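One structure is given here, and the rest of the page talks about it.
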Amino acid sequence: MEMNLLIAYIGIAIMVGLSGIGSAYGVTIAGNASIGALKKNDSAFGNFLVLTALPGTQGLYGFAGYFMFQSIFNVLTPEITGIQACAVLGSGIGLGLVALFSAIRQGQVCANGIAAIGQGHNVFGNTLILAVFPELYAIVALAATFLMGSALA
């Protein structure tokens, strides 16, 4: 059964790793835009900070998925079955990929809003609304991970 646990932890590594990479990219994209926009409008730093941090949430979803399998569903044990291990692997791949791409795309939406705010446009609220759309898919992937885990318990 050690092989089953290894398969499950590969899924966890993919989940946490890809979601973290996506958040790092998304936050960097928005952060770079913030630095440029601060040159034109340094009074909007608070807005820039919020928009820069927003893509970081997908990395938290990857960790939340791991936490669910470890603490809520308690399947990451030496007694894990092959079906359970494959479900963890599948969840890890699904959540990891969705979080990776949604964080990057959300960072791009936020960067465009940051650039517009830097040019003097009042688009902070609109940018937040539009940036929620890529986030929604990461939330759906986390919900699917929860449903897969609850089916295993």
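Residue numbering for the sequence shown follows full-length UniProt numbering, beginning at 1 and increasing consecutively. From the three backbone atoms N, C-alpha and C, an ideal C-beta is built for every residue, glycine too. Every value quoted in this text rests on a predicted model; they were computed, and no experiment measured them.
Asked, Found
"At least 3 beta-carbon pairs within less than 8 angstroms: the segment 96-107 vs the segment 21-31", "yes"
"Straight-line Cα distance separating L136 from L95", "12 angstroms"
"Within 8 angstroms, strictly: CB atoms of F69 and G149", "yes"
"Backbone CA spacing between P134 and G125 [nearest angstrom]", "16 angstroms"
"Spatial distance of G46 from I139 (CA atoms)", "25 angstroms"
"Given I7 as reference, the closest of V123, S91 and I129 once Cα atoms are compared", "S91"
"Own chain, CB closer than 8 angstroms to T77, minus 5 neighbours either side, in chain order", "L5"
"Contact check, L89 vs I29, beta carbons under 8 angstroms", "no"
"V27 classed as buried or exposed, judged by whether at least 16 other C-beta atoms fall within 10 angstroms", "buried"
"Length of the line joining the Cα atoms of L51 and E79", "43 angstroms"
"Helix, strand or coil at N122 [DSSP, three-state]", "coil"
"Contacting residues, own chain, Cβ-Cβ under 7 angstroms from Y66 (five flanking each side not counted)", "I12, M15 and V16"
"F63 - DSSP class collapsed to helix/strand/coil", "helix"
"Start-end ranges of the beta strand (DSSP E) lying completely within the UniProt domain \"V-ATPase proteolipid subunit C-like\" (89-148), minimum 3 residues", "none"
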